[in-house]
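Chains as they are written, first to last, in our numbering: chain A, 11 to 221; chain B, 11 to 221. Backbone N, C-alpha and C define an ideal beta-carbon position, used for all residues, glycine too. The structure appears below as structure tokens.
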Ligand SMILES: Nc1nc2c(ncn2[C@@H]2O[C@H](COP(=O)(O)OP(=O)(O)OP(=O)(O)O)[C@@H](O)[C@H]2O)c(=O)[nH]1
Ligand SMILES: Nc1nc2c(ncn2[C@@H]2O[C@H](COP(=O)(O)OP(=O)(O)OP(=O)(O)O)[C@@H](O)[C@H]2O)c(=O)[nH]1
Ligand SMILES: [Mg+2]
Ligand SMILES: [Mg+2]
Ligand SMILES: [Zn+2]
Ligand SMILES: [Zn+2]
């Protein structure tokens with residue numbers, strides 16, 4: 011039983027199911043406490059004002075903290091506890107998708123377990139893969155975890171409103187990311203709690219006003 | 011080849027080697043960017059003023075960022091890159107110990123990879139296991155990761171100096187930890203960057219002035 015092969019098989023199944031139902035999807039990976047749930051909830055509120063119907067899969071080791079926050083934000087959510095696994099995989103997402111009516115949503119957000127290592131090796135079958143980090147983890151996050159940034163489409167730096175309080179220069183992370191991606195990709199800056207930069211995050215994920 | 015069994019075997023070897031050389035040791039687990047390296051460096055400076063000789067193993071996926079910071083703090087450090095693994099294990103530590111002269115140090119700090127899931131299952135053979143989280147990750151860290159807090163001796167809540175800036179009440183985490191450990195253990199609060207609470211961290215790890 012090759013775990014990665016099985017994962018790829020299920021990821022293709024997930025991708026096909028989402029495509030057939032015309033559902034746009036994003037896998038939000040990132041560090042622990044970087045603001046993934048806050049971004050999912052705030053994006054959901056922004057996009058549902060435009061008439062988009064938002065679904066989500068809340069990946070967590072245990073409990074329903076994130077799931078409850080999503081439901082409170084009006085999202086059609088499914089809770090997915092990973093137990094001993096420190097990452098979601100496509101098999102778990104395949105099961106969770108069966109609990110969602112894909113004809114009733116336009117966008118699916120998947121929140122992965124906070125971890126900047128293994129999620130890189132487990133694509134889930136979503137259109138986009140995003141990595142969320144925040145200024146509070148320090149300015150070395152890109153240098154220390156090149157793999158996950160190279161295996162994703164969009165990088166988001168959150169909580170930029172408190173960069174001074176934590177003494178971190180967002181410019182260092184932006185430059186590291188630009189260098190890692192050969193000057194091709196720009197890190198998106200936001201402060202999801204206050205809503206600053208949220209529109210840029212939506213645009214980077216193909217969910218902007220014209221998207 | 012049972013990974014956990016092999017880990018336990020090597021952990022016992024590590025424990026014996028450290029005991030024979032009278033070296034006190036701590037495995038610092040915790041979330042990404044919580045302040046593990048800052049705590050290791052600041053504790054090392056505090057303890058070396060008391061004549062203790064400090065060694066360390068810097069566990070990271072890749073690079074030498076943390077290793078360089080430890081060396082700059084006067085620590086006799088060994089760098090240990092884990093590659094695809096999102097946690098250190100006792101086999102890697104066993105190899106790293108061979109690069110250290112255990113007769114030349116009194117205390118060994120091991121900094122694990124930032125991750126609140128798998129390190130719980132991979133004891134390294136140190137005397138103490140500590141989990142470091144920070145207020146900037148939110149107030150739900152204990153609720154969401156009970157396992158690692160139950161598989162460790164000391165819990166440290168760092169960056170408490172900026173709790174107001176991030177709008178997090180440290181009291182919630184302290185209560186969650188007390189409840190999880192049946193009222194037996196107290197979470198240690200500190201702000202390693204400013205040095206507040208560092209003495210309490212040392213004491214909780216058996217490295218206090220009378221320790
Ligand atoms: N100042 C500030 N705080 C934020 C921002 N976004 C999130 N937070 C706070 O950061 C903490 C963690 O946010 P979450 O949204 O739970 O982060 P997460 O990445 O989903 O966390 P896990 O799922 O536990 O890995 C909470 O206390 C949030 O209020 C932001 O843009 N600015
Ligand atoms: N305000 C404040 N910032 C802190 C404190 N401790 C660490 N930091 C900052 O938090 C960021 C991360 O600190 P590190 O010591 O690198 O954290 P770490 O846990 O070793 O990070 P990784 O090894 O990458 O998982 C850096 O910008 C530090 O300056 C603290 O007590 N207060
Ligand atoms: Mg979350
Ligand atoms: Mg570190
Ligand atoms: Zn994992
Ligand atoms: Zn792991």
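Buried or exposed (CB count within 10 angstroms, at least 16 for buried), residue i
i, result
"residue 29 (chain A)", "exposed"
"residue 144 (chain B)", "buried"
"residue 14 (chain B)", "exposed"
"residue 76 (chain B)", "buried"
"residue 221 (chain A)", "Residue confidence for residue 221 (chain A) is low, a pLDDT of 47 falling below 50, so the modelled location carries little weight and cannot support an answer."
"residue 127 (chain B)", "buried"
"residue 108 (chain B)", "exposed"
"residue 121 (chain B)", "buried"
"residue 33 (chain A)", "buried"
"residue 192 (chain A)", "exposed"
"residue 178 (chain A)", "buried"
"residue 88 (chain A)", "buried"
"residue 211 (chain B)", "buried"
Closer than 8 Å to chain D by CB, residue i
i, result
"residue 126 (chain A)", "Included in the structure are the protein chains A and B, with no chain D among them."
Among the options, nearest to residue i - alpha-carbon criterion
i, options, result
"residue 138 (chain B)", "B:69, B:163, B:212, B:68", "B:163"
"residue 206 (chain A)", "A:77, A:171, A:193", "A:171"
"residue 190 (chain A)", "A:150, A:93, A:209, A:91", "A:150"
"residue 73 (chain B)", "B:59, B:123, B:34, B:160", "B:123"
"residue 229 (chain B)", "B:58, B:75, B:91", "Examination of residue 229 (chain B) is not possible in this model, given that chain B is present from 11 through 221 alone."
"residue 96 (chain A)", "A:83, A:31, A:131", "A:131"
"residue 44 (chain B)", "B:211, B:212, B:169", "B:169"
"residue 181 (chain A)", "A:136, A:152, A:161, A:204", "A:152"
"residue 155 (chain B)", "B:88, B:11, B:100, B:40", "B:40"
"residue 129 (chain B)", "B:34, B:81, B:161", "B:161"
"residue 83 (chain A)", "A:38, A:18, A:47, A:26", "A:47"
"residue 167 (chain B)", "B:38, B:18, B:22, B:89", "B:38"
"residue 23 (chain B)", "B:133, B:211, B:210", "B:133"
"residue 42 (chain A)", "A:12, A:106, A:71", "A:71"
"residue 25 (chain B)", "B:11, B:81, B:12, B:112", "B:112"
"residue 223 (chain A)", "A:81, A:12, A:136, A:31", "Residue coverage of chain A in this structure runs from 11 to 221, which leaves residue 223 (chain A) outside it and unanswerable."
"residue 27 (chain A)", "A:12, A:16, A:90, A:106", "A:106"
"residue 31 (chain A)", "A:110, A:195, A:194", "A:110"
Beta-carbon contacts of residue i that lie in its chain and below 6 Å, excluding the five residues immediately before and after
i, result
"residue 214 (chain A)", "164, 198"
"residue 119 (chain A)", "36, 50, 66"
"residue 187 (chain B)", "152, 165, 197"
"residue 20 (chain A)", "100, 101, 104"
Close beta carbons around residue i, own chain, < 7 Å, minus the five adjacent residues each side
i, result
"residue 176 (chain B)", "145, 146"
"residue 208 (chain B)", "52, 53, 56, 200, 202"
"residue 94 (chain B)", "none"
"residue 3 (chain A)", "It is not possible to answer for residue 3 (chain A), since the shown part of chain A is limited to 11 through 221."
"residue 125 (chain A)", "96, 97"
"residue 90 (chain B)", "67, 68, 69, 98, 102, 106"
"residue 148 (chain B)", "178"
"residue 194 (chain A)", "none"
Nearest-angstrom Cβ-Cβ length linking residue i and residue j, presumed shorter than 8 Å
i, j, result
"residue 69 (chain B)", "residue 92 (chain B)", "6 Å"
"residue 141 (chain B)", "residue 158 (chain B)", "6 Å"
"residue 79 (chain B)", "residue 116 (chain B)", "Not quite, the Cβ-Cβ distance comes to about 21 Å (not below 8 Å), so this is no contact."
Other residues of its chain near residue i: CB distance less than 8 Å, five sequence neighbours each side excluded
i, result
"residue 60 (chain A)", "219"
"residue 18 (chain B)", "100, 133"
"residue 173 (chain A)", "145, 179, 180"
"residue 81 (chain A)", "87"
### Query
Name the residues in the region 155 to 167 of chain B whose C-beta lies less than 9 Å from a C-beta of chain A; which are they?
If the cut-off is 9 Å between Cβ atoms, the region 155 to 167 of chain B has 155, 156, 157 near chain A.
### Task
Determine which residues of the region 165 to 187 of chain A have a Cβ less than 7 Å from any Cβ of chain B, and write them out in chain order.
172, 175, 176
### Within 8 Å of chain B by C-beta, residues of the region 60 to 74 of chain A in sequence order
Of all residues in the region 60 to 74 of chain A, only 70, 71, 72, 73 place a beta-carbon less than 8 Å from a beta-carbon of chain B.
### Task
Compile a chain-ordered list of the residues in the region 23 to 46 of chain A whose CB is closer than 7 Å to at least one CB of chain B.
If the cut-off is 7 Å between Cβ atoms, the region 23 to 46 of chain A has 41, 42, 43 near chain B.
### Query
Using Cβ-Cβ distances below 9 Å, what residues of the region 88 to 112 of chain A are close to chain B?
92, 94, 95, 96, 97
### Message
By the 9 Å beta-carbon criterion, what residues does the region 192 to 211 of chain B contribute toward chain A?
### Response
203
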